[in-house]
Each structure stands twice: as C-alpha cells, then as structure tokens.
Amino acid sequence: MTVSVAFLDLKAQQARIQPELRRRLDAVLAHCQFVLGPEVAELEAELAAFCGATHCVSVSSGTDALQIALMAEEIGRGDAVFLPAFTYTATAEVPLLLGATPVFVDVDPRTFQIDPAHLESRIAEVRAAGKLRPRALIGVDLFGQPADWPALSHIAGREGLFTLDDCAQSFGATYRGRPLGCAADATATSFFPSKPLGAYGDGGALFTESAARAALYRSLRTHGEGTTRYEVLRTGMNGRLDSIQAAVLLAKLTVFREEIAIREHIARTYDQRLGNAVTTPERVPDSTSAWAIYAILLPDGAARERVQASLKQSGVPTAIYYPRPLHLQPAYRDHHDGAALPVSEDLATRILALPIHPDLTEAAVAHICDSVLAAVG
Ligand SMILES: *Cc1c(COP(=O)(O)O)cnc(C)c1O
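If you use numbering that gives the first Met the number 0, the sequence shown corresponds to residues 0 to 376, in order.
Structure below.
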C-alpha cells in the first residue's frame with residue numbers, strides 16, 4: 000500500500016493558513032519594525048488570554064525562556080535545580096549555564112511525567128548531603144501532557160523552591176479544566192517549528208502571575224535595560240522574539256484549537272487500535288493533552304529495533320524521544336550525583352514515537368495502525 004506519511008507536515012499546514020499568513024507577513028514587511036513591532040505585543044496579549052495568564056513575555060526560544068526565568072531568581076553556583084532525567088537537553092543545560100547543579104529526578108513509567116515521590120526523596124538527599132542549596136524545580140510537561148502540578152507545587156511550597164514549568168511541548172494542554180500557563184511560579188514555552196504551536200524559526204514565551212517577575216523578564220530579554228533604553232540595571236541577554244515570528248504565530252493561533260482537537264482524535268484512534276498490541280501512553284487524570292508526541296512502549300530494545308525497521312519498510316517514519324536519559328549524557332554525567340534513575344533508563348531503551356500532527360489523513364492514520372499491528376504481530 001502506498002500511503003505517504005510525514006512525521007510532521009509543515010507544508011500542508013502552511014497551505015491551510017496561507018491567506019492569514021500572507022496578510023500577517025505583508026504587514027511586517029510594510030512597517031519594517033522587525034524587533035518589538037506591534038505583532039509582538041499583540042501576540043503576547045493573545046497568548047496570555049489563551050492560557051489565562053496575567054503576564055506573557057515573548058522571548059527568542061524556549062531555552063532562553065528557561066534561562067531568563069532562572070536568571071530572574073538569581074539562581075547560580077551552589078544552587079540545586081531539580082528536574083526530570085527523561086526530558087529534552089535544554090531543561091538541564093540552562094541551570095548548568097548559570098553555574099547551578101541539575102539534580103535529576105526519575106519519572107512515572109506510564110505517563111512519563113516527573114515522579115513527585117522521587118522528587119521528595121531527592122530533595123531530602125540534597126539536604127542531607129549539605130553541599131547544595133535546594134532552590135528550584137523545573138517540572139516538565141512531557142509530550143503534551145501536564146506534570147502532576149498540584150503535587151509538585153505542594154512539595155515546592157513546603158521546601159521553599161521556585162517552580163518553573165517547562166511547557167515547551169505542552170502549550171495548549173489543560174489540567175483540571177485550566178490551560179497550562181499558571182500552574183507554577185513561571186511557565187516557559189517554545190515555538191520551535193515542530194512544537195504544537197510552532198513558528199518559522201526559534202521563539203518562546205514566559206507566563207507568570209507576578210508583575211515583578213514579568214518586568215524582570217522584559218528587562219532581561221533586552222540586555223538588562225531599565226526604564227530608559229541606555230540604562231543597564233543587570234546583566235541580561237539579547238532574547239527577544241522577532242516580529243516576523245510573532246506574525247507567523249498569530250496566523251497559526253487562528254487554527255490552534257482545531258489542530259489540538261485533531262491531534263486528540265488521532266491519539267484516541269491509536270489508543271483504540273493499538274492498545275491491545277503495544278503499551279499506549281497513559282493519560283494524566285483530569286487533563287487534556289496538546290499531543291506534541293505520541294509515544295508507545297515496546298517490550299524491549301530488540302523489539303523496538305524490529306518494529307522501527309518494519310515501520311520504515313512500510314513508509315511510516317518514527318522517532319525516539321529520548322534515546323538516552325540526561326544523567327547518562329557525556330556532557331551531564333559528571334554533574335550527576337549517582338542516584339539510580341531506573342525508569343528513565345528503561346524508557347530510553349524501548350520508547351517509540353509515532354507520527355501525530357493535524358495534517359495526517361484518516362488513511363495515513365489507518366496505515367500507521369495497520370503497520371504497527373503487522374510489525375508487532
Ligand atoms: C523544545 C524544548 C525546549 C527548548 O525549546 P527551544 O525553543 O528549542 O529552545 C525545552 N524543553 C523541552 C522539554 C523541549 O521539548
């Protein structure tokens with residue numbers, strides 16, 4: 000059967016939003032305010048309204064959003080920043096760039112989200128060792144689903160930790176009826192082209208309920224500037240979102256809710272058709288997912304290799320998020336205290352992501368399901 004399947008189809012999406020995209024881009028080309036043009040403020044207002052946050056500050060990438068949030072808390076040398084071992088590199092990179100120490104926490108074997116019980120024991124270990132000051136928790140909403148924010152916030156509140164939600168993969172998801180964006184002291188998201196809400200280049204945003212934090216984020220994204228342009232109050236960075244990217248995102252926001260609904264429909268089809276043959280992802284209770292990634296589990300690494308090769312033969316692209324947990328990465332392993340992280344290590348050997356995006360046809364979804372069933376059968 001010749002069904003062509005793309006892991007991600009940004010061309011098809013572009014064709015769907017073409018008129019609005021053109022109108023938005025032409026407006027930027029007409030006014031030529033390429034940095035902090037009117038689209039940036041308009042986008043910030045729309046994003047804040049979308050997720051119900053009081054403040055939104057757009058920035059140059061999801062990674063820069065994480066960095067600015069930690070810089071605003073003056074996190075650095077001697078500080079422990081707790082984060083999951085099973086996530087994208089950027090989550091651990093940022094505390095290290097600031098001189099702080101990432102403390103890796105294991106994840107739930109079925110939802111893949113950071114494990115609150117293990118977080119508690121990791122905080123206790125760091126306090127007992129007495130070398131680092133527990134300062135912050137970066138909870139990651141992995142693959143489109145929310146982390147267990149009520150449990151995480153409870154622990155962080157008791158321990159006096161700043162909470163940062165790494166929502167790079169999950170903007171558009173909801174938890175207990177509320178969109179992600181207000182679950183932590185600050186929320187960072189990414190507009191990397193492959194994220195559920197992606198720009199045509201790098202971009203990101205920060206959300207917070209705190210006016211003081213929002214003001215710091217605005218200062219930090221423009222070289223630490225004060226109330227006048229050439230007053231430098233603190234060491235900042237060049238971390239703004241371009242007007243062109245804001246224009247692209249404004250066009251994409253017009254279809255974002257529909258796109259999430261289509262992703263949800265595809266996820267349900269996968270759940271129903273594949274649920275007896277492979278381990279499908281468990282839903283976080285009381286939540287909806289943005290479905291950045293739909294990942295199944297195979298029994299072991301050999302099975303994953305077989306299934307991935309068989310799917311490739313059938314024209315079904317797959318991806319592995321993540322083939323190695325962060326504490327085993329060459330760049331980070333010397334910063335790891337040696338704690339066992341068995342779930343993250345196990346997931347890395349047998350997880351496999353199937354295509355999920357709003358331009359997958361019903362025929363493509365059926366072909367993917369047939370191919371997975373044939374591969375494992
Ligand atoms: C993509 C991603 C980031 C980084 O976002 P960029 O915009 O690429 O810098 C951070 N954390 C997670 C979990 C991500 O998936």
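Just so it is clear, CB atoms sit at the ideal spot from N, CA and C, and this is done for glycine as well. Values in this document were obtained by computation on a predicted structure and should not be read as measured data.
Could you tell me which of the options sits nearest to residue i, measuring between CA atoms?
| i | options | result |
| --- | --- | --- |
| G138 | R126, A128, A155 and A352 | A155 |
| T234 | V58, R23, I67 and G98 | I67 |
| G202 | R220, D241, L219 and D165 | D241 |
| A172 | M236, F6, A135 and R256 | R256 |
| P83 | H54, L215, I122 and T53 | I122 |
| D336 | E124, F170 and T227 | E124 |
| L219 | R239, E43, A266 and L372 | R239 |
| I384 | G77, D105, E361 and I16 | This structure leaves residue 384 out entirely; the chain is present only between 0 and 376. |
| L136 | F142, K130, P149 and D164 | D164 |
| I113 | R23, G180 and P149 | P149 |
| F85 | V371, R323 and G376 | R323 |
| A211 | T227, D184, M236 and F191 | D184 |
| R157 | S189, E119 and R23 | E119 |
| K130 | P145, A47, A79 and S286 | A79 |
| V102 | I16, R132 and G51 | R132 |
| E72 | A373, P94, A89 and T88 | P94 |
| A294 | R349, A301 and V315 | R349 |
| L7 | Y87, V106, P357 and P284 | P357 |
| A365 | L273, Q328, G300 and T317 | L273 |
| D299 | L346, V2 and P341 | L346 |
| M70 | L9, F161 and Q17 | F161 |
In its own chain, which residues sit with a C-beta less than 8 Å from the C-beta of residue i, not counting the 5 before and 5 after it?
| i | result |
| --- | --- |
| E41 | A245 and L249 |
| V231 | H222, G223, E224 and G225 |
| V58 | A64, I67, G202, G203, A204, L205, Y216, R220, G238, R239 and L240 |
| W290 | F142, G143, P195, I259, R262, E263, I265, A266 and I355 |
| G36 | V27, H30, S242 and A245 |
| E45 | L249 and L252 |
Over the uninterrupted alpha helix (DSSP H) stretch that includes residue i, give me the two end residues.
| i | result |
| --- | --- |
| D253 | Note that residue 253 is Thr in the sequence shown here, rather than Asp. Residues S242 to L273. |
| H335 | Taken as a continuous stretch (DSSP letters only), H335 belongs to no alpha helix (DSSP H), as it is neither H nor E. |
| H326 | Note, H326: premise wrong, no alpha helix (DSSP H); not H, not E. |
| A373 | E361 to V375 |
| I154 | W148 to E158 |
| I16 | L9 to H30 |
| L310 | G300 to Q312 |
Between residue i and chain D, is any beta-carbon pair separated by less than 8 Å?
| i | result |
| --- | --- |
| V231 | As a matter of chain content, chain D is missing from the structure shown, which is built from one protein chain. |
Excluding the 5 residues flanking residue i on each side, which residues of the same chain have their C-beta closer than 7 Å to its C-beta?
| i | result |
| --- | --- |
| A213 | H54, V56 and T207 |
| G75 | L97, G98 and A99 |
Can you tell me where the beta strand (DSSP E) holding residue i begins and where it ends?
| i | result |
| --- | --- |
| I295 | Y293 to L296 |
| H54 | H54 to V58 |
| A187 | A185 to S189 |
| I137 | R132 to V139 |
| D165 | F161 to D165 |
| A352 | I350 to L353 |
Excluding sequence positions up to five away, which residues of its chain have a Cβ less than 6 Å from the Cβ of residue i?
| i | result |
| --- | --- |
| S189 | G61, A167 and G203 |
Notebook entry, point to check: Where the beta carbon is closer than 6 Å to any heavy atom of ligand 1, which residues qualify, in chain order?
Noted result: S60, G61, T62, T86, Y87, A89, T90, V139, D165, A167, Q168, S189, F191, D201 and G203
Quiz item: Hey, which unbroken runs of the beta strand (DSSP E) at 3 residues or more fall wholly within the region 195 to 235?
Solution: 203 to 207
Inside the region 50 to 128 only - beta strand (DSSP E) runs reaching at least 3 residues = 54 to 58, 78 to 83 and 100 to 104
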